[in-house]
Amino acid sequence: MLAGERMTLRPPTGADAAPLLGILTEPEVSRWWVGYTPERVREEILDSGNALVMEIDGACAGAIFLYPNEDPEYLHVVIHLFLGARWYGHRHGAEALAIVIAHLASLGHHRFTLDPNMNNAPAIRSYERLGFRPVGVLREYQLRPDGSHEDGLLMDLILSDFPDGVDWRRG
Numbered sequence: 021m022l023a024g025e026r027m028t029l030r031p032p033t034g035a036d037a038a039p040l041l042g043i044l045t046e047p048e049v050s051r052w053w054v055g056y057t058p059e060r061v062r063e064e065i066l067d068s069g070n071a072l073v074m075e076i077d078g079a080c081a082g083a084i085f086l087y088p089n090e091d092p093e094y095l096h097v098v099i100h101l102f103l104g105a106r107w108y109g110h111r112h113g114a115e116a117l118a119i120v121i122a123h124l125a126s127l128g129h130h131r132f133t134l135d136p137n138m139n140n141a142p143a144i145r146s147y148e149r150l151g152f153r154p155v156g157v158l159r160e161y162q163l164r165p166d167g168s169h170e171d172g173l174l175m176d177l178i179l180s181d182f183p184d185g186v187d188w189r190r191g
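The number in our numbering is simply the position in the sequence shown, starting from 1, with 20 added.
Here it is, written out as structure tokens:
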């Protein structure tokens, strides 16, 4: 379990299945996180070992996924996250990222990447305010429900850019 000022990041439990599915089916979230079912929530979140639930004021608010590459030559972590719409606009996603980055930095990681859909401007702005930088376009990256593909934006953050640590309040 990892604690921040306004949230806790903890392993998911069975009790999180319904709230997570509810968030993933919100129009604002399902636009980017497509096709979630109870089975997919169980497989990709509850049982994966890669996800932490964002808990805010006792409520399940979303999840953050961590995919570390442990090869010492290419040590980095890929991060994905989603947050329920009721928590948008309050920098909760940025706080969750800052919490996991600080934790992973203590384990020796120094580089972190995200890959939001190119059309998800609010997420991209939030990540940039935290210090992530665009480094490339992932062409035809995400399959959409209509069978088309949309580009992703590869973004990264390097700890050496933040000598005093990554702060979710920045920007």
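Glycine included, C-beta positions come from ideal geometry on N, C-alpha and C.
Taking one beta carbon from each stretch, the region 99-113 and the region 122-136 have 3 or more pairs nearer than 8 Å; the two touch.
With contacts defined as CB atoms closer than 9 Å, Ala143 and Trp53 fail to qualify as a contacting pair.
Ranked by how close their Cα comes to the Cα of Gly24, the residues Tyr56, Ala114, Leu158 have Ala114 in first place. Taking all protein chains shown into account, Tyr94 has fewer than 16 neighbouring C-beta atoms within 10 Å of its C-beta and is therefore exposed. Beyond the five residues adjoining it in sequence on each side, Tyr147 comes within less than 6 Å, by CB distance, of Leu134, Met175 in the same chain, given in chain order. Rounded to the nearest whole angstrom, the CA to CA distance from Gly172 to Pro154 is 10 Å. Contact check for Leu72 and Pro31: beta-carbon distance about 6 Å, within the 8 Å limit, so the pair qualifies. The Cβ atoms of Gly104 and Gly82 lie closer than 9 Å to each other. Secondary structure of Glu93 (DSSP, three-state): helix.
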